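Undergrad:
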Amino acid sequence: MCAFHLGWFLGPGITVQGWNTPNFAKSYDWTKPDIFRDGARRLEQAFFDFLILEDTSAIPYTYGGNMDFYLRHAAMTPKFDPVIVTPYILEATKKLGVATTMTSTFYPPWILARSMATLDHYSNGRMAWNIVTATSDAAAQNFGYDKQFEHDKRYDMADEFVDLVKQLWGAWEPDAVVNNDETFIDPSKVRTVNFEGEYYKSRGPLNVPRSPQGCPLLIAPGGSPRGRKFSGRNAEVVLGSAENIEEMKQYCIDVRSYAVSFGRDPTKVKLMFAVAPVITKSRQEADEYKQNYPKMLEKRMQHALASMSFLSGIDFSKFDLDAPVGEIKTNGMQTILGKFKDPAVTLRQIVTSPPRWPIVGTPEDVAAELIEAMAEVGGDGYLITGHLKPSYLSQIVDELVPALQKRGATRTEYSHDMLRDNVMAF
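If you count by UniProt numbering, then the sequence shown holds residues 1 to 426, one letter each, in order.
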């Protein structure tokens, strides 16, 4: 029995994979899907459960009040549509699950449900939906709104959205397709939905039969209290983010408590935490890397500020780097703002402070650290985050994963053909 699952969270999305960073893969044409197909094959070789494709629906303009920094430095842009890239990845693999990000705030439910059902058919049951509500005014404006919906309202809308698409996916009985000489589809086994809620309305059904999994595996992040409640209500896999063991423990308690409050079995809600391990050749190299953390972060400080600006909707170019920020409110992503409350900490210190849990070391040391942490937390796995650069993939797939497998921590084969079955296997 394996101790925990592995997934890969492609946080940068379907974009230039690490432009102007060490080991940037110049040999790949970033406008083509090859790097994603090759990366997915490598993940499958290491028996990762799934690959999550992040997405944003805009070129940011928050930092500095314009798009210049984001365009000049390929920061959070350009991004290709993950829905279109997904079939290329599925074609290149046989067992690896693919989680496509589609926002509940802007996609029509019927279109999203139909697209996901189609992909689940074509992948023989390897699809997941990464449910996000979108955070930025820029994205809202691309879909015809003046600004983004209020934070908690987006989650209210998303709850109803999930209820509707589940009904659309369930409108065909599993044996509705008869396909004999007299009848192709049994009409008595396909029903209308006639859903009418506060935010959404749909007659249904889909014109796509029930897919192999019934519906895609449901994945959701959730950092804010409202986001955690949404994940506890709806998600089968929860993408968690925490800076230390204690935060991870509390996250598990929160989400599982919400799951129980909605009458769900908490063991069917898998909690996986985002990590970005740095693999070194020796412990001395690991110590040197940790000592250089502040310098590396200082060098990338503008990128961090630009990213925080987009996700939060707050232009951090207007803040004094050497003064405390204080408590601020946002309609965007709220989880990144908690650390600003300390009146003794400056913005520069926040941006250049090393992680409180720096996962840096040899493959054996990192493996031992990850195993110990997961045993203490009681979670279900890790999501490796970062670009699909061949050099980094090699460190994870060829060095870290074998060290984990040697200790019996991660799978050495896929036990099932379909994604949900693999995720729920332990």
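Glycine included, each C-beta is placed from N, C-alpha and C at the ideal position.
Keep in mind it's a predicted model, so treat the numbers as computed, not measured.
1) Please classify Y145 as buried or exposed, where buried requires at least 16 other C-beta atoms within 10 Å of its C-beta.
2) Between G240 and L271, how many whole angstroms is the CB-CB distance? I'm expecting something under 8 Å.
3) Can you tell me whether P221 is buried or exposed? The criterion is at least 16 other CB atoms within 10 Å of its CB, across all chains shown.
4) Using only alpha-carbon positions, find the residue among L311, D55 and E160 that is nearest to W110.
5) So who's on the other strand from V177, going by DSSP bridges?
6) Work out the CA separation of A46 and R228 for me, nearest whole Å.
7) Can you tell me the Cα-Cα spacing of A242 and M248, whole angstroms?
8) For L419, which of I52, N179 and N142 has the nearest alpha-carbon?
9) So, helix, strand or coil for A274, using DSSP?
10) Check whether the Cβ atoms of M296 and V351 lie closer than 8 Å to each other.
11) Which one of E413, M127 and R41 has the shortest CA to CA distance from G97?
12) Roughly how many angstroms separate the alpha carbons of G13 and D81, rounded to a whole number?
13) At a Cβ threshold of 8 Å, is C252 touching chain D?
14) I'd like to check one pair, L6 with T385: are the Cβ atoms closer than 8 Å?
15) What separation, rounded to the nearest whole angstrom, lies between the Cα atoms of S202 and A171?
16) Does DSSP put L370 in a helix, a strand or coil?
17) With DSSP collapsed to three states, give me the class of M67.
18) Between which two residues does the alpha helix (DSSP H) carrying Y155 extend?
19) Does the region 310–317 touch the region 55–71, meaning 3 or more C-beta pairs lie closer than 8 Å?
20) Measuring CB to CB, does N234 end up less than 8 Å from L217?
21) DSSP beta-bridge partners for G18?
22) For K166, which residues in the same chain have their Cβ closer than 7 Å to its Cβ, ignoring the five residues on either side in sequence?
23) Would you call the region 111–126 and the region 68–77 touching, i.e. three or more CB-CB distances under 8 Å?
24) Under the rule that 16 or more other beta-carbon atoms within 10 Å means buried, what is I131, buried or exposed?
25) Secondary structure at K201, three-state DSSP: helix, strand or coil?
26) Can you check the region 218–277 for any beta strand (DSSP E) of at least 3 residues that lies completely inside it and give the ranges in chain order?
27) Quick check: the Cα distance between M1 and G408, rounded to an integer number of angstroms?
28) Can you tell me whether DSSP reads Q213 as helix, strand or coil?
29) Between which two residues does the beta strand (DSSP E) harbouring F143 extend?
30) Between the region 254–263 and the region 381–399, do three or more beta carbon pairs fall short of 8 Å?
31) In this structure, does DSSP put V423 in helix, strand or coil?
TA: Taking the structure as given:
1) exposed
2) Here G240 really is in contact with L271; their C-beta atoms are around 6 Å apart, less than 8 Å.
3) buried
4) E160
5) I185
6) C-alpha of R228 to C-alpha of A46: approximately 30 Å in a straight line.
7) Their Cα atoms are separated by approximately 6 Å.
8) I52
9) strand
10) no
11) M127
12) 9 Å
13) In summary, chain D is missing from the structure at hand, where a single protein chain is found.
14) no
15) In a straight line, the C-alpha of S202 is about 12 Å away from that of A171.
16) helix
17) In this structure, M67 counts as coil in the three-state DSSP scheme.
18) H151 to W169
19) yes
20) no
21) None; G18 has no bridge partner.
22) Within the same chain, C215 come within 7 Å of K166 by CB-CB distance, once the 5 residues on both sides are set aside.
23) no
24) A buried status is given to I131, since no fewer than 16 other beta-carbon atoms sit within 10 Å of its beta-carbon.
25) strand
26) Correct list: 237–240 and 270–275.
27) Note that M1 scores a pLDDT of 47, beneath 50, so its modelled location is shaky and nothing firm can be said.
28) coil
29) Per DSSP, F143 belongs to no beta strand (DSSP E) and is neither H nor E.
30) No, they do not touch.
31) helix
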